[in-house]
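Each residue of the sequence shown is one higher than the one before, starting from 7 at the first, in the working numbering.
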Amino acid sequence: MAIRYKDLNAKTRTITVYYDGESLDVTYRLNAITPAALRELRGLESAESLAAQVGMVVESWDVLDDKGQRIKPTREFAEKLPVDFLAAVITGIVDDVRAPDGEEKKD
């Protein structure tokens, strides 16, 4: 059996992330962290690294502008957000990836 590159990189998963008493859905790309991505992240300051990770991994999220429209999770936008918020998003993704299949996270 073969795996298509396009299919491998298209896999996403949606999780709920909790931050400051609120929850938001975050859809992330399961296979976005590659050797090339890791090379890019090395050497960045921790806050820069969090913003870069969000830009690489997050496909969409429930972060809205003043008109109620979703804001794309780009690295540039992530650099404007609080570090603890970015850490909560990345930690939620890492926890989800590490969980055995079918196991739900406990808050």
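Glycine included, every Cβ here is placed at the ideal spot set by N, Cα and C.
#1: Cβ atoms of L92 and A57: under 8 angstroms apart, would you say?
#2: Rounded C-beta distance between E65 and Y34? I'm assuming under 8 angstroms.
#3: Express the C-alpha separation of V32 and T189 in angstroms, rounding to a whole number.
#4: So what does S29 bridge to, in DSSP terms?
#5: Quick one: what does DSSP say L70 is sitting in, helix, strand or coil?
#6: Between the Cα of M62 and those of D71, E82, D72, V69, spot the shortest distance and give me the residue it belongs to.
#7: Between L36 and K17, how many whole angstroms is the CB-CB distance? I'm expecting something under 8 angstroms.
#8: Let me know if K112 comes out buried or exposed under the rule of 16 or more other beta-carbons within 10 Å of its beta-carbon.
#9: Among E54, L14, N15, which has the Cα closest to the Cα of I96?
With the structure as the only source:
#1: yes
#2: About 6 angstroms; that satisfies the 8 angstroms criterion.
#3: This structure gives no information on residue 189, because the portion of the chain shown stretches from 7 to 113.
#4: Answer by DSSP bridge pairing, in chain order: Y24.
#5: If DSSP states are grouped into helix, strand and coil, L70 belongs with the strands.
#6: E82
#7: 4 angstroms
#8: Its pLDDT being 47, under 50, K112 is placed unreliably in this model, and the value from its coordinates should be taken loosely. It counts as exposed.
#9: E54
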